[in-house]
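For reference, the structure discussed in these notes is given below.
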Amino acid sequence: MEFVAVCDKFPERAKDFMERYRADRIFDSFDDVIASSEINTVAIFTQRDLHGQMAIAALKAGKHVYSAVPMALKVEEINEIVRLVKKTGLTYMMGETGIYRPASIFCRKQYATGEMGQMVYAEAQYNHDMTRLYHVFQYTEGDKWKRMAGLPPLLYPTHSTSMVLSAAQAHAVKVSAFGFEDPFEPDIFSKGANYWDNPFSNSSMLLKLSNNAVVRISENRRIAWHFPETYISNFYCTKASYECSLVQHSYVKMDDRGQVDYTDVSDLLNPIALTPHKHEPDFLQKAVNGAWGNGEAPIQACSRLPREFDSLSTGHAGTHKFMVDDFCQAFVSGKLSPTNAWQAARYNLPGLIAHQCAMEGGKTVDIPDLGEPPSHLEVLSPDREVNEADYN
């Protein structure tokens, strides 16, 4: 790393970031960033509706891109990002935590062995009551914050979709969806109240996958729940299945006689810091409020991370360091990140199409697919235990 800069529309925040991360300078605008010959890579952490257009502008300017989720809120923007990445060969990664979460890793590894048989049905959800985030919208949007706070839940689907689709190694081909028309805050969720004329605070979609399985995805923003926010509640197959309830993770295998063998895999999937407390009387009360929830779990391959990461904090179930590592590995090696443009499209597009389905009463429609990456490009495995490239 030769040069690091920050850019933010709030000067005081830019100054804080510069000091905190020992950056070299501050850029006054994003246009200045992508016009600079000193910058070859941009990381986009802006409002959700800006990700697509900013990634497109950066790619057109010849910059590698790391983008927060979602990839984009418009189908045409997703199409353009994939087109530009294919044309330019630049590195693009959507920073999605879902594929690095312990439940996703477990289901992905077990299913890949063939032990689970054929996938038949799965459920995943992202439960995040938005009243706990209103202060963020107020800070970034000012007087118009409610127009942004009414974002359709299914336009932010990737925490849920990525967990299941990466485990299934399949993509969605059809969708039907319905939404909960929010009666509590019509000045946020109703026609004319937000930028999308969106009445739904909660939405669920039913997906038909390319492997013939069915998946239910729920995106809930008006819900009495705290932790875990993002999780696979079940991943059912013909020979073995996985279930999660709060911090209880169960795996069952069926033998030829129809008998099932139960394995408690909680200690493998729960954060290392959580497990020593599980026999304490107030354990569940603390766990449901998020205690110990951000650390790494034994199933996560921390051994492949640079030792310089050891002292750094993490978040979202211990996933942050893996995303940084995979972007750097992709950039240095010339391989594609696990959440490359093509894969990111497959995680995002179902939600965008599903929201329109819900707005039209739940009709079933086909989901466009942008296909696989070019065959000559190798994709990094998120589950590898050793890194090939040294980027220190």
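For the numbering used here, count along the sequence shown from 1 and bump the result up by 22. Backbone N, C-alpha and C fix where the C-beta goes; we use that ideal spot for every residue, glycine too. Quick caveat: nothing in here was measured; it's all calculated off a predicted structure.
On the three-state DSSP scale, how would you describe residue i?
i, result
"G214", "coil"
"H338", "coil"
"Q322", "coil"
"D347", "helix"
"Y122", "helix"
"Q140", "coil"
"F128", "helix"
"G312", "coil"
"F202", "strand"
"N101", "helix"
"A83", "coil"
"R406", "coil"
"R47", "strand"
"Y133", "helix"
"E265", "strand"
"S355", "helix"
"A94", "coil"
"Q69", "coil"
"T386", "coil"
"K300", "coil"
"Q147", "strand"
"A194", "strand"
Nearest to residue i by alpha carbon, out of the options?
i, options, result
"R368", "A192, G164, V142, R130", "A192"
"Q322", "P298, A363, V269, E407", "E407"
"G84", "E207, S325, K108", "K108"
"N224", "A79, N216, E241", "E241"
"A90", "M345, D38, L229", "M345"
"E99", "C379, A366, H338, P395", "A366"
"A125", "Q307, S232, Y264", "Y264"
"T63", "P328, V354, L231", "V354"
"W314", "F249, E394, T285, Q378", "F249"
"S255", "N149, P205, T153, F67", "N149"
"G393", "S59, G280, A144, S232", "S232"
"S335", "T183, L306, E318", "E318"
"L399", "E34, D30, F32, K357", "K357"
How far does the alpha helix (DSSP H) with residue i in it extend, from its first residue to its last?
i, result
"D289", "288 to 291"
"M116", "That residue, M116, is in no alpha helix (DSSP H); its beta strand (DSSP E) goes 114 to 117."
"G373", "363 to 381"
"I18", "Because the chain here runs from 23 to 414, residue 18 falls outside it and cannot be looked at."
"A246", "That residue, A246, is in no alpha helix (DSSP H); it is neither H nor E in DSSP."
"V186", "180 to 190"
"F39", "33 to 42"
"R169", "167 to 171"
Tell me, to the nearest whole angstrom, how far the beta carbon of residue i is from that of residue j; I am working on the premise that it is less than 8 angstroms.
i, j, result
"F349", "S359", "6 angstroms"
"F222", "E203", "6 angstroms"
"T386", "V197", "7 angstroms"
"V26", "I48", "With 8 angstroms as the limit, V26 and I48 do not qualify as a contact, their Cβ atoms being about 11 angstroms apart."
"A146", "M185", "5 angstroms"
"L173", "R70", "6 angstroms"
"D289", "D283", "With a Cβ gap of about 18 angstroms, D289 and D283 do not count as contacting."
"V401", "Y258", "Between Y258 and V401 the Cβ distance is about 27 angstroms, and since that is not below 8 angstroms, they are no contact."
"I245", "D151", "5 angstroms"
"A426", "L268", "Residue 426 lies beyond the stretch modelled for the chain, which goes from 23 to 414, so this question has no answer here."
"L177", "L95", "5 angstroms"
"R44", "A339", "Not a contact, Cβ separation roughly 28 angstroms."
Can you give me the Cβ contacts of residue i inside the same chain, cut-off strictly under 7 angstroms, excluding the 5 residues immediately before and after it?
i, result
"K131", "D405"
"I127", "I321, Q322, D405"
"C266", "A125, Y253, I254, S255"
"T162", "Q69"
In terms of residues, what are the limits of the beta strand (DSSP E) holding residue i?
i, result
"R238", "236 to 242"
"L228", "222 to 231"
"A430", "With the chain covering only 23 through 414, there is no way to say anything about residue 430."
"Q160", "Looking at the DSSP string, Q160 is not in any beta strand (DSSP E); the run it does join, the alpha helix (DSSP H), is 156 to 163."
"A27", "27 to 29"
"K275", "270 to 276"
"F331", "Per DSSP, F331 belongs to no beta strand (DSSP E) and is neither H nor E."
"F257", "252 to 259"
For residue i, collect the residues of the same chain with a Cβ closer than 6 angstroms to its Cβ; drop the 5 residues on either side in sequence, then sort them by chain order.
i, result
"D219", "K213"
"Y114", "V87, V107, A363"
"G201", "F222, S225, A380"
"L228", "S198, R238"
"Y217", "R169"
"T361", "M115, M116, E118"
"G337", "N316"
Can you find the residues in the same chain that come closer than 8 angstroms, C-beta to C-beta, to residue i, ignoring five residues on each side of it along the sequence?
i, result
"L81", "V87, I103, L106, V107, T110, L112, Y114"
"I7", "No information on residue 7 is available, as it lies outside the stretch 23 to 414 that the chain covers here."
"A262", "Q132, E137, M138, G139, Y273, V274, K275, M276"
"T180", "V91, P92, M93, M116, E118, G120, A366, Y369, N370, G373"
"P396", "K108"
"P390", "V97, L371, I375"
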